[in-house]
Amino acid sequence: MSLTRSAIHRFRYIIYHTISPPLTNHTFQSQLHRSFLSHPIPKPFHFHSSSYSSSSSSSCSTFVRGGADDDYPTGDFDFKPVTGFNKFLVKLKMLIALPWERVQHGSVLKIILRGQISDQLNNRFSKKGLSLPQICDNLLKAAYDPRISGVYLQIDNLNCGWAKLDEIRRQILNFRKSGKFVVAYVPSCREKEYYIACACEEIYAPPSAYFSLFGFSVQAAFVKGVFDNLGIEPNVEKFGKYKSAGDQLTRKTMSEDHREMLTALLDNIYSNWLDKVSSARGKERTDIENFINEGVYQVDRLKEEGFITSILYDDEVITKLKERLQVKTVKKLPVVDFRKYSGVRKWTVGISGGKDLIAVIRASGTIRRTEGPFSAPSKGVIGEKFIEKIRRVRESNKFKAAIIRIDSPGGDALASDLMWREIRLLAAKKPVIASMSDVAASGGYYMAMGAGAIVAESLTLTGSIGVVTGEPGSFGRRKEVSYEWDANKIFVMNH
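Under the UniProt record's numbering, think of the first position of the sequence shown as 1, with each following residue one higher.
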């Protein structure tokens with residue numbers, strides 16, 4: 001399951017397995033607090049990663065408390081069909097469902113995965129597509145929804161990190177445990193798109209599909225040569241040999257440390273990709289490596305080698321789905337759009353949570369201390385707003401615990417420190433888990449250290465490798481570029 005849901009599962013485990021009923025509200029909160037935190041302000045924190053392969057269940061590493069192993073459940077998705085009286089209740093709920101929650105029986109849920117996938121919740125009417133939480137929720141609801149017969153997944157030019165792709169991939173595999181089908185259609189396919197597609201039961205592509213499974217590479221741009229021509233000498237100071245953020249201003253090529261770091265990251269991603277693809281398609285790693293090294297991009301060859309199921313256009317895939325669901329040729333395939341399905345509540349399909357509320361506070365994007373006058377309202381992590389949310393959760397009695405969901409490369413050092421402090425204060429009062437998405441680096445990692453425990457995907461880019469600061473420095477050729485500097489000062493002379 002997703003890391004956020006796995007973290008929630010952790011809290012439920014504490015509630016149901018380490019607290020013996022009956023309890024008063026006061027006793028419940030105090031024992032829950034003691035069962036998770038060993039200090040008023042948690043130190044040290046515990047770091048755990050989540051990994052998954054199709055041959056084994058998804059898992060998070062064991063939580064450690066006080067130096068001893070805790071019998072922590074992995075959070076595996078165990079699909080249990082709704083039966084008996086609960087099945088009757090679900091049917092009743094669907095009869096009284098709100099108009100936008102009504103779905104025709106036998107429908108296929110159509111999900112389009114394209115472009116940027118944000119960790120921040122999107123409005124369901126937004127044209128930007130679904131966010132990661134909405135994608136995961138839709139697949140979870142569809143698994144239990146008796147009106148949904150399967151999922152038709154269209155994948156095209158994804159622009160997100162590997163940790164998000166891992167979560168989506170897990171949710172697809174979890175959905176398949178319900179016995180329903182997942183069919184992928186890939187008109188344009190690179191390594192990321194295929195990583196998702198190979199988790200599906202069937203993969204289709206049109207004859208003119210663009211495939212580019214050529215392996216992995218990484219690039220870095222350097223502008224020192226441009227600055228040299230303009231006579232600009234940037235002043236950049238850094239601490240930590242792997243802190244390469246300022247190298248683009250002061251170098252013309254990668255440093256050896258920078259190259260070492262990027263190579264290690266690529267090796268990890270590539271190895272994981274080979275493992276998942278080989279397991280999904282029933283092939284040896286060496287066979288896949290050899291195929292990639294050949295530079296094959298012909299769709300016919302991909303079908304011959306078993307990388308895709310068949311070569312079909314979109315309308316032909318629809319026809320195939322109609323045959324599968326025994327829909328008459330003259331009738332349309334009942335399809336529900338992913339945006340509409342986002343409006344279906346979990347309650348409607350029989351998924352219900354406990355009475356206790358867990359706050360999920362999201363920190364997505366570059367960290368800034370304050371919001372600028374022309375800043376986009378949903379762009380980045382605004383320290384002031386984030387701190388307000390933390391304080392509201394800390395002061396509220398309705399939230400029993402909190403999850404800090406981080407997808408940030410860092411940013412303003414002061415803002416990161418102030419948010420870290422507020423998370424520490426929250427963790428002194430309530431259980432707090434930091435859940436990492438694609439990236440939690442520098443200031444994003446610093447924030448996470450305020451929590452009592454940290455969970456991350458195996459492909460999350462995280463850690464702190466130093467700090468960097470800089471300014472433009474001297475401008476040696478002002479006349480050539482018509483650049484001038486003027487200043488006016490007011491000061492008091494001491495007599």
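Think of the CB as a built atom: it goes at the ideal place given N, C-alpha and C, for glycine as much as any other residue.
At the level of alpha carbons, what is the spacing between residue i and residue j?
i, j, result
"Ala427", "Ala456", "19 Å"
"Ile311", "Val317", "9 Å"
"Ile367", "Met449", "16 Å"
"Pro206", "Phe181", "20 Å"
"Gly380", "Glu304", "45 Å"
"Lys238", "Asp417", "18 Å"
"Ala142", "Ile433", "28 Å"
"residue 529", "Ser244", "In the structure as shown, the chain starts at 1 and stops at 495, and residue 529 therefore has no counterpart that could be examined."
"Ser97", "Ser107", "In the sequence under discussion, the amino acid at residue 97 is Ala, which differs from the Ser named in the question. Spanning the two alpha carbons is a distance of roughly 16 Å."
"Asp76", "Glu233", "54 Å"
"residue 518", "Phe216", "Limits of the chain in this structure are 1 at one end and 495 at the other, which puts residue 518 out of reach."
"Ser212", "Ser278", "17 Å"
"Asn138", "Arg169", "13 Å"
"Ile14", "Asp315", "Low local confidence applies: a pLDDT of 43 at Ile14 is under 50, so the model's placement there is unreliable, and no value is given."
"Tyr195", "Lys177", "19 Å"
"Val344", "Asn122", "15 Å"
"Pro409", "Ala440", "6 Å"
"Phe338", "Trp347", "18 Å"
"Leu325", "Leu333", "9 Å"
"Ser255", "Gln171", "39 Å"
"Gly282", "Arg424", "47 Å"
"Thr83", "Trp100", "25 Å"
"Leu95", "Lys87", "13 Å"
"Lys331", "Leu158", "33 Å"
"His105", "Lys91", "11 Å"
"Trp162", "Cys136", "15 Å"
"Gln197", "Gly354", "The question names Gln, yet the displayed sequence has Ala at residue 197. Distance between the alpha carbons of Ala197 and Gly354: 34 Å."
"Lys385", "Gly129", "25 Å"
"Phe85", "Lys93", "12 Å"
"Leu153", "Leu173", "13 Å"
"Asn397", "Arg147", "38 Å"
"Leu89", "Val299", "48 Å"
"Asp218", "Val327", "It should be noted that the sequence gives Val, not Asp, for residue 218. The straight-line gap from Cα to Cα measures roughly 47 Å."
"Lys80", "Arg259", "48 Å"
"Asn293", "Lys340", "42 Å"
"Met447", "Asn268", "25 Å"
If the criterion is Cβ atoms closer than 9 Å, does the pair residue i and residue j meet it?
i, j, result
"Leu113", "Val335", "no"
"Ala209", "Ala280", "no"
"Gly443", "Ala401", "no"
"Gly225", "Val236", "no"
"Val183", "Val151", "yes"
"Arg369", "Asp412", "yes"
"Thr329", "Lys320", "no"
"residue 530", "Phe214", "This structure does not reach residue 530, given that the chain is present from 1 up to 495, and the question cannot be answered."
"Arg392", "Lys430", "no"
"Phe222", "Lys241", "no"
"Ile387", "Met436", "no"
"Val360", "Arg301", "no"
"Leu265", "Ala220", "no"
Ordered along the chain, which non-local residues of its own chain (more than five positions away) have a Cβ less than 6 Å from that of residue i?
i, result
"Ile117", "Leu132, Cys160 and Lys164"
"Gln134", "Ser342"
"Tyr270", "Phe216"
"Phe307", "none"
"Asp356", "Lys400"
"Asp407", "Asp119, Ser364, Ser437 and Asp438"
Could you pull out every residue in the same chain whose Cβ sits closer than 7 Å to the Cβ of residue i, ignoring the five residues on either side in sequence?
i, result
"Thr309", "Glu202, Ile203 and Tyr204"
"Gln120", "Ser131, Arg362, Ser364 and Ser378"
"Phe45", "Bear in mind that the predicted position of Phe45 carries a pLDDT of just 43, short of 50, making it too unreliable to give a figure here."
"Tyr445", "Thr462, Gly463 and Ser464"
"Ile288", "Leu274, Val277 and Ser278"
"Phe291", "Glu305"
Assuming residue i and residue j form a contact by the criterion Cβ under 8 Å, report the distance between their Cβ atoms to the nearest whole angstrom.
i, j, result
"Asp78", "Val349", "Going by Cβ atoms, the distance from Asp78 to Val349 rounds to 17 Å, so no, they are not a contact pair."
"Trp273", "Glu191", "6 Å"
"Asp166", "Leu459", "6 Å"
"Ile382", "Glu422", "Wrong, their Cβ atoms sit about 13 Å apart, outside the cutoff."
Beta-carbon within less than 8 Å of residue i's beta-carbon, same chain only, minus the 5 sequence neighbours each way: which residues are those?
i, result
"Asp156", "Ile112, Leu113, Arg114, Val186, Pro187, Ser188 and Glu193"
"Ile351", "Leu140, Lys141 and Tyr144"
"Lys175", "Sequence check: residue 175 is Phe here, not Lys. Excluding residues within five positions, the ones whose Cβ falls inside 8 Å are Leu139, Leu140, Ala142, Ala143, Val151 and Val182."
"Ser149", "Gly106, Ser107, Val108, Lys180, Phe181 and Leu325"
"Phe227", "Glu233, Pro234 and Leu249"
"Gly295", "Phe214"
Would residue i count as contacting chain D if we go by Cβ distances under 9 Å?
i, result
"Gly350", "The structure shown contains no chain D; it is built from a single protein chain."
Give, in chain order, every unbroken run of the beta strand (DSSP E) that is at least 3 residues long and sits entirely within the stretch 88-122.
107-116
Hey, which unbroken runs of the alpha helix (DSSP H) at 4 residues or more fall wholly within the UniProt domain "Peptidase S49" (175-327)?
191-197, 224-230, 247-250, 256-281, 285-293, 299-304 and 314-324
In chain order, each alpha helix (DSSP H) run of at least 4 residues that lies wholly inside the stretch 400-443
413-427
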